Amino acid sequence: MNKNVFHKLSYGVYVVSTWDNGRPTGCTANSAMQITSSPATIAVSINHDNYTNKCIKETGRFAISILAEDTPALIIGTFGFRSGKDSDKFSEVKYSVEDNMPVVTDSCGYIACEVIDSMETATHTVFLGEVKGAELFGDREAMTYSYYHKVIKGKSPKNAPTYLPEAE
Ligand SMILES: Cc1cc2nc3c(=O)[nH]c(=O)nc-3n(C[C@H](O)[C@H](O)[C@H](O)COP(=O)(O)O)c2cc1C
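The sequence shown begins at 331 in this note's numbering and counts up by one.
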């Protein structure tokens, strides 16, 4: 099996956010997709070891902030290489509360969801969310996962579903 072909799948780059007992938290994720338009439904895949996973399970809610090509890479790093378990990521990143969810202001916009179902895989939980609110923040170009790798020269940590060890 040539797992390098997985790199030909297309994604965006998002911050999946939720609440931790009233404190905003979340993580970077590429694995978000629209499942259907009516009722609007979104799926995200979040690693069992990510603090965000536990918080989504507790609140039953998540939002995705759709990052833009010119969203600072620091935001991707803050949310993607640290854990909300021992750091307060949103204290360093400008956010607003929209449809009762914390969302990254420096983004294309957000989609706020209520979890309606979930599925466990060996490593990740796939959360299915019914959309409760969504808005655009201006007219910005969304960052693709390919842009993140090729232009920003970003890396993917082990907890990203798309992680491949360098040797493969
Ligand atoms: C570009 C990028 C994409 C990522 N995609 C995902 C993803 O789709 N699902 C996931 O569980 N983790 C993904 N991660 C890893 C998490 O963001 C990372 O493990 C984070 O530190 C978890 O934070 P938390 O413990 O606060 O939830 C990604 C990271 C990066 C940088």
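Quick reminder that beta carbons are idealized off the backbone N, C-alpha and C, glycines included.
The model shown is predicted, which means the values in this text are computed figures rather than measured ones.
### Query
Between the region 475-486 and the region 423-432, do three or more beta carbon pairs fall short of 8 Å?
No: the two stretches stay apart, fewer than three of their Cβ pairs being nearer than 8 Å.
### Task
Return the bridge partner residues of N377 from the DSSP annotation.
Sequence index remark: in the sequence shown, residue 377 carries index 47 (1-based). Looking at the DSSP assignment, N377 forms a beta bridge with H454.
### Task
Give the straight-line distance between the Cα atoms of A370 and E460, rounded to the nearest whole angstrom.
Start at 1 with the first residue of the sequence shown, and residue 370 comes out as number 40. Start at 1 with the first residue of the sequence shown, and residue 460 comes out as number 130. In a straight line, the C-alpha of A370 is about 6 Å away from that of E460.
### Query
Would N489 be called buried (16 or more neighbouring beta carbons within 10 Å of its own) or exposed?
Residue numbering aside, residue 489 sits at position 159 when the sequence shown is read from its first letter. With 16 or more Cβ atoms within 10 Å of its Cβ, N489 is classed as buried.
### Task
Out of I406, D416, A393, H454, state which residue places its alpha-carbon closest to the alpha-carbon of V509.
Residue 509 lies beyond the residue range present for the chain, which begins at 331 and ends at 498; the question has no answer from this structure.
### Query
The alpha helix (DSSP H) spanning S476 covers which residue range?
Taking the sequence shown and counting its residues from 1, one reaches residue 476 at position 146. Residues 475-480.
### Query
Around the C-beta of N332, are 16 or more other C-beta atoms found within 10 angstroms, so that it is buried, or is it exposed?
Your numbering for residue 332 matches position 2 in the sequence shown. With a 10 Å radius around the Cβ and a threshold of 16 neighbouring Cβ atoms, N332 comes out exposed.
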